[in-house]
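Colleague: First the structure, which I've put down as structure tokens, then a few questions once you've had a look.
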Amino acid sequence: MAGTVTTSGGNIVLTVPGPIAGGTSFTPPAVTINVTAGASGTPITSQYAGTSHANPGMTMTTRVSFVGNVATACYPDPSPTLTTTAVS
Numbered sequence: 658m659a660g661t662v663t664t665s666g667g668n669i670v671l672t673v674p675g676p677i678a679g680g681t682s683f684t685p686p687a688v689t690i691n692v693t694a695g696a697s698g699t700p701i702t703s704q705y706a707g708t709s710h711a712n713p714g715m716t717m718t719t720r721v722s723f724v725g726n727v728a729t730a731c732y733p734d735p736s737p738t739l740t741t742t743a744v745s
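Numbered according to this note's numbering, the sequence shown spans residues 658 to 745.
Written out as structure tokens, the structure is:
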């Protein structure tokens, strides 16, 4: 399932269209990100965004029979570092 990638407030946003059938496994599409290095000795890290329910790192809309669409949001606590690259 293809997605679209945009940026918002310094974050990279991956949007994946649905529906995704209930009871199935889903792996989001891979995203390649090219960044510009800063000063020598400055690490480049990637993490999941989000710090609270008011500022979630992941949102989705779930269709529930007899209820309709239900919005869901979550955030990592603490946010794991996905990658770190040292600039030399």
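Glycine residues also receive a C-beta, built at the ideal position from the N, C-alpha and C atoms.
Less than 7 Å between C-beta atoms, sequence neighbours within five positions excluded: which residues of the same chain meet that for T699?
Modeller: Residue mapping note: residue 699 aligns to position 42 of the sequence shown, counting from 1. Excluding positions up to five away in sequence, the list reads V744.
Colleague: Between T716 and H710, what straight-line distance do the alpha-carbon atoms span, to the nearest angstrom?
Modeller: Position 59 of the sequence shown, counted from the start, is the residue given in the question as residue 716. Position 53 of the sequence shown, counted from the start, is the residue given in the question as residue 710. Roughly 10 Å between the two C-alpha positions.
Colleague: Which of helix, strand or coil does DSSP assign to N668?
Modeller: Here residue 668 refers to the residue found at position 11 when the sequence shown is read from its first residue. Three-state result, N668: strand.
Colleague: If I measure Cβ to Cβ from N726 and keep anything under 8 Å in the same chain, skipping five residues before and after, which residues do I get?
Modeller: Your numbering for residue 726 matches position 69 in the sequence shown. T718, T719, R720, listed in sequence order.
Colleague: Rounded to whole angstroms, what is the Cα-Cα separation between V670 and D734?
Modeller: Within the sequence shown, residue 670 is the residue found at index 13, counting from 1. Within the sequence shown, residue 734 is the residue found at index 77, counting from 1. Straight-line Cα distance between these residues: approximately 19 Å.
Colleague: Grouping DSSP H, G and I as helix and E and B as strand, with all else coil, what is T718?
Modeller: One-based indexing of the sequence shown puts residue 718 at position 61. Here T718 sits in strand by DSSP.
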